[in-house]
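Report on the following structure.
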Amino acid sequence: MKLHELLGIKYPLIQGGMANIATGEFAAAVSNTGALGMIGAGGMSADMLREQIQICKQHTQMPFGVNLMLMNPDTDKMAEIVIEEQVPVVTTGAGNPGKYMKQWKSAGIKVFPVVASVGLARRMERLGADGVIAEGCESGGHVGETTTMVLVPQVADAVNIPVIAAGGIASGRQMVAAEVLGACGVQVGTCLLSTTECPIHENYKQAVRNARDTHITVMGRIAGTPVRVIKNDMVREYIAREKEGATLMELEHYTLGSLRRAVKEGDIETGSVMAGQTAAMIHDECSLAERIETLFTEYETVLKELCR
Ligand SMILES: Cc1cc2nc3c(=O)[nH]c(=O)nc-3n(C[C@H](O)[C@H](O)[C@H](O)COP(=O)(O)O)c2cc1C
Numbered sequence: 003m004k005l006h007e008l009l010g011i012k013y014p015l016i017q018g019g020m021a022n023i024a025t026g027e028f029a030a031a032v033s034n035t036g037a038l039g040m041i042g043a044g045g046m047s048a049d050m051l052r053e054q055i056q057i058c059k060q061h062t063q064m065p066f067g068v069n070l071m072l073m074n075p076d077t078d079k080m081a082e083i084v085i086e087e088q089v090p091v092v093t094t095g096a097g098n099p100g101k102y103m104k105q106w107k108s109a110g111i112k113v114f115p116v117v118a119s120v121g122l123a124r125r126m127e128r129l130g131a132d133g134v135i136a137e138g139c140e141s142g143g144h145v146g147e148t149t150t151m152v153l154v155p156q157v158a159d160a161v162n163i164p165v166i167a168a169g170g171i172a173s174g175r176q177m178v179a180a181e182v183l184g185a186c187g188v189q190v191g192t193c194l195l196s197t198t199e200c201p202i203h204e205n206y207k208q209a210v211r212n213a214r215d216t217h218i219t220v221m222g223r224i225a226g227t228p229v230r231v232i233k234n235d236m237v238r239e240y241i242a243r244e245k246e247g248a249t250l251m252e253l254e255h256y257t258l259g260s261l262r263r264a265v266k267e268g269d270i271e272t273g274s275v276m277a278g279q280t281a282a283m284i285h286d287e288c289s290l291a292e293r294i295e296t297l298f299t300e301y302e303t304v305l306k307e308l309c310r
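To convert, count from 1 in the sequence shown and add 2; that's the numbering used here.
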């Protein structure tokens, strides 16, 4: 994998932006391990983002990035802030970053849009993206339709820019698989939730550790906003109401502020415990450095075994 050379970091691993979770301090802690930490600007205002970038800079000398969710009403201001604050890397989700691309590129920012389809990957290459993050639907948070196994090789064949694989990666074996599929690096989110530095409530971390394969599902498919979560009372009720044909307004009653409730208050029954399918592979809490070093030790071991 070569992504680390492109980004000037030790490990070819990006920490996925996670709204309401990935603060400046968390991103800095990830960057200090040698991977690339990302501030998740999804749930922030422009002022909050500037503050978090400054906090991140106070805690690390290493490169870091900002994940912008383009449906955020403050995106225009945030697009300026990442330039003013000389943020080295921007990843984007939930939309088309086309209108910002020229200004970011002339400011020397490396841009990696998250894509869930081949068509979007091609469009991002034409716009001048430095690479694309091909995210399969195994991932936590908002999901597309295609799995990582099927998406990554198609995107790798379709574009001539670096492809980073995301979704369903939490072990060295899966990292080797991602490389074989055509990825030059990986982006992970779920496997970093149960780490000492992750600023989520202890109940959330425990829910991730306790999750088994059948406990993780997608809600919001009918409503058109599919999100991967760990099942709880709220999710079961939401899906039942969705099937009965509840209106979007009625469904919003369940989801409004639900991620914050789980993250901050530890309400894992009515809150939204967003996590990917790899939650079923995480059984412990450890430091970020331990989690990331273990991934790469496993990766090296698996590669050696394969080459024997
Ligand atoms: C709790 C949670 C919140 C997330 N929020 C965002 C977000 O705000 N923006 C984004 O682009 N991706 C978001 N993601 C996706 C991650 O950035 C990353 O691509 C994904 O977690 C990788 O797949 P994995 O969960 O299987 O490791 C989120 C993922 C999780 C688990």
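The C-beta atom is built at its ideal place from N, Cα and C for all residues, glycine as well. All values reported here derive from a predicted model rather than from experimental measurement.
Length of the line joining the Cα atoms of residue i and residue j
{"i": "Y102", "j": "E307", "result": "45 Å"}
{"i": "N98", "j": "R310", "result": "44 Å"}
{"i": "I16", "j": "E7", "result": "13 Å"}
{"i": "W106", "j": "K112", "result": "8 Å"}
{"i": "A168", "j": "L122", "result": "15 Å"}
{"i": "I166", "j": "Q189", "result": "7 Å"}
{"i": "I85", "j": "V134", "result": "20 Å"}
{"i": "Q208", "j": "T150", "result": "26 Å"}
{"i": "K245", "j": "E300", "result": "42 Å"}
{"i": "V237", "j": "G110", "result": "42 Å"}
{"i": "I202", "j": "G268", "result": "8 Å"}
{"i": "S119", "j": "V152", "result": "10 Å"}
{"i": "K266", "j": "N212", "result": "19 Å"}
{"i": "L253", "j": "F298", "result": "41 Å"}
{"i": "I218", "j": "M73", "result": "26 Å"}
{"i": "K59", "j": "A37", "result": "15 Å"}
{"i": "Q63", "j": "I57", "result": "12 Å"}
{"i": "L9", "j": "R243", "result": "45 Å"}
Sub-7 Å separation of residue i and residue j beta-carbons
{"i": "I11", "j": "P65", "result": "yes"}
{"i": "F114", "j": "T148", "result": "no"}
{"i": "L129", "j": "G100", "result": "yes"}
{"i": "A131", "j": "V157", "result": "no"}
{"i": "L261", "j": "N22", "result": "yes"}
{"i": "A30", "j": "G42", "result": "no"}
{"i": "P14", "j": "G187", "result": "yes"}
{"i": "H61", "j": "E27", "result": "yes"}
{"i": "C160", "j": "R125", "result": "The sequence shown places Ala at residue 160, not Cys. It is not a contact, given that the beta carbons lie outside the stated cut-off."}
{"i": "V275", "j": "V231", "result": "yes"}
{"i": "V154", "j": "A185", "result": "yes"}
{"i": "Y206", "j": "A264", "result": "yes"}
{"i": "E2", "j": "G278", "result": "This structure does not reach residue 2, given that the chain is present from 3 up to 310, and the question cannot be answered."}
Beta-carbon contacts of residue i that lie in its chain and below 6 Å, excluding the five residues immediately before and after
{"i": "L195", "result": "V210"}
{"i": "G191", "result": "G18, M20 and G142"}
{"i": "R175", "result": "V304"}
{"i": "A272", "result": "The residue you asked about is not Ala; residue 272 is Thr in the sequence shown. These residues qualify, in order along the chain: M236."}
{"i": "L183", "result": "V154 and P155"}
Minimum C-alpha distance to residue i - residue among the options
{"i": "R5", "options": "A180, M236, T219 and A248", "result": "Looking at the sequence shown, residue 5 is not Arg but Leu. The candidate whose alpha carbon is nearest that of L5 is A180."}
{"i": "S33", "options": "I294, V116 and A123", "result": "I294"}
{"i": "P75", "options": "E252, F28, R214 and S47", "result": "S47"}
{"i": "E127", "options": "T198, N162 and G226", "result": "N162"}
{"i": "M283", "options": "A172, K59, M73 and G110", "result": "A172"}
{"i": "E204", "options": "M177, I270, T216 and Y256", "result": "I270"}
{"i": "D78", "options": "I57, Q63, D49 and C200", "result": "D49"}
{"i": "H285", "options": "P164, Y256, K233 and R214", "result": "R214"}
Ligand 3 heavy atom lying under 6 Å from the CB of residue i
{"i": "T280", "result": "Although ligand 3 was asked about, the structure shown includes only ligand 1 as ligands."}
Buried versus exposed call for residue i [16 or more other C-beta atoms within 10 Å across all chains shown]
{"i": "A96", "result": "exposed"}
{"i": "L250", "result": "exposed"}
{"i": "G247", "result": "exposed"}
{"i": "T35", "result": "buried"}
{"i": "G226", "result": "exposed"}
{"i": "V117", "result": "buried"}
{"i": "T216", "result": "exposed"}
{"i": "V24", "result": "Note on identity: in this sequence residue 24 is Ala, with Val being the wrong assignment. Buried: at least 16 other Cβ atoms inside 10 Å."}
Cut-off 7 Å between Cβ atoms - residues of its own chain near residue i, not counting five sequence neighbours on either side
{"i": "T197", "result": "E287, C288, S289, L290 and R293"}
{"i": "M177", "result": "I171, V188, L297 and Y301"}
8 Å CB neighbourhood of residue i in its chain, flanking five on each side removed
{"i": "V68", "result": "G19, M40, I41, A43, L51, I55, M80, V84, V89, V91, V92 and T93"}
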